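With the UniProt record's numbering applied, the sequence shown corresponds to residues 1 to 170, in that order. Note that CB positions come from ideal geometry on N, CA and C, so glycine has one too. As the structure is a computational prediction, the values presented were derived from the model and not from experiment.
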Amino acid sequence: MSTETPRRVEVYPDREVIVEFDPDLTFECVEDCTWCCHHGVLLYDRDLLELAQRANLAETTTEFRGEKFVTREEKGREEHVAEDGCACAFLREDGLCTLHLEEDWKPTRCSVFPLGVWLEDGDLHVDIRDSAHEHCEGLNVSERSVIDNLEAFLPEILWDLENPDSDREL
1 MSTETPRRVE VYPDREVIVE FDPDLTFECV EDCTWCCHHG VLLYDRDLLE LAQRANLAET
61 TTEFRGEKFV TREEKGREEH VAEDGCACAF LREDGLCTLH LEEDWKPTRC SVFPLGVWLE
121 DGDLHVDIRD SAHEHCEGLN VSERSVIDNL EAFLPEILWD LENPDSDREL
């Protein structure tokens with residue numbers, strides 16, 4: 001949680017978030033940083049439907065604590081993997097995402113990175129994930145203001161979810 005005073009920002013018509021991060025924060029993915037791909041990608045119901053049109057769910061998803069995630073798999077290389085040698089099933093050897101590049105689609109959870117979202121008192125809150133401060137190389141390296149581009153990070157589906165909490169991991 002940041003020390004900034006939270007501010008209410010409209011992302012879509014009648015869809016607001018409480019922004020908990022520094023409004024001057026910038027973010028841009030940087031080449032060869034695949035940190036966000038090391039975790040299991042949580043799939044909301046709509047993501048599952050979308051993914052089913054693009055991949056075999058039996059081969060690319062797993063269930064953990066009653067929720068669906070993209071499978072993490074052993075990658076057999078030292079680059080673009082977590083300490084256990086695994087990463088998202090859709091992460092290619094060159095460190096790029098098959099779904100994003102070849103299908104022009106991202107699961108909601110992938111769009112949200114490096115932000116964390118949660119519901120509190122009926123409001124959707126957003127902040128930088130604690131672990132992003134340690135691992136994400138794209139923070140404050142560009143001119144792309146996060147607060148001015150929230151629609152790129154926060155798909156509209158988030159406001160319709162019973163539990164949009166993005167901090168759940170595989």
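Nearest to residue i by alpha carbon, out of the options?
| i | options | result |
| --- | --- | --- |
| GLU156 | TYR12, ASP127, ILE147 and ASN149 | TYR12 |
| ARG54 | ASP24, VAL70, GLU93 and GLU28 | VAL70 |
| GLU31 | GLY116, LEU96 and ASP165 | LEU96 |
| THR26 | GLU151, ILE147 and LEU48 | ILE147 |
| ASP160 | ALA52, TYR44 and ILE18 | TYR44 |
| SER131 | ARG168, LEU99 and ASP14 | ARG168 |
| ARG129 | GLU83, VAL19 and GLU103 | VAL19 |
| GLU10 | ASP84, SER166, LEU150 and GLY116 | LEU150 |
| GLU83 | HIS135, GLU162 and GLU103 | HIS135 |
Would residue i be called buried (16 or more neighbouring beta carbons within 10 Å of its own) or exposed?
| i | result |
| --- | --- |
| ARG8 | exposed |
| SER142 | exposed |
| GLY66 | exposed |
| ALA58 | exposed |
| SER2 | Note that SER2 scores a pLDDT of 48, beneath 50, so its modelled location is shaky; the value from the coordinates is reported in the next line. Under this definition SER2 is an exposed residue. |
| LEU49 | exposed |
| ASP14 | exposed |
| LEU101 | exposed |
Taking DSSP's pairing of strands, which residues face residue i in a bridge?
| i | result |
| --- | --- |
| SER145 | THR26 |
| LYS75 | Its beta-bridge partners do not exist; DSSP assigns none. |
| PHE64 | GLU67 |
| CYS88 | ARG72 |
| TYR12 | ARG15 |
| VAL125 | Going by the sequence as given, residue 125 is His instead of Val. Answer by DSSP bridge pairing, in chain order: ILE18 and TRP118. |
Taking Cβ positions, are residue i and residue j nearer each other than 9 angstroms?
| i | j | result |
| --- | --- | --- |
| PRO164 | TRP118 | yes |
| ASP47 | PRO114 | no |
| GLY40 | PHE64 | yes |
| GLU16 | ASP121 | no |
| PRO6 | HIS125 | yes |
| GLU93 | ARG77 | yes |
| LEU42 | LEU170 | yes |
| SER166 | GLY85 | no |
Between residue i and the rest of its own chain, which residues show a CB-CB distance below 7 angstroms, the 5 nearest in sequence each way excluded?
| i | result |
| --- | --- |
| ALA87 | THR34, CYS37, HIS38, ARG72, LYS75, HIS80 and VAL81 |
| GLU28 | GLY138, VAL141, SER142 and ARG144 |
Quick one: residues in its chain with C-beta nearer than 8 angstroms to the C-beta of residue i, no 5 flanking neighbours on either side, listed in chain order?
| i | result |
| --- | --- |
| SER111 | ALA152, PHE153, LEU154 and PRO155 |
| ASN56 | none |
Report all residues from its chain with a CB closer than 6 angstroms to the CB of residue i; omit the five preceding and five following residues, and keep chain order.
| i | result |
| --- | --- |
| THR62 | PHE69 and THR71 |
| ALA89 | THR60, VAL70, THR71 and GLU73 |
| LEU99 | PHE90 and TRP105 |
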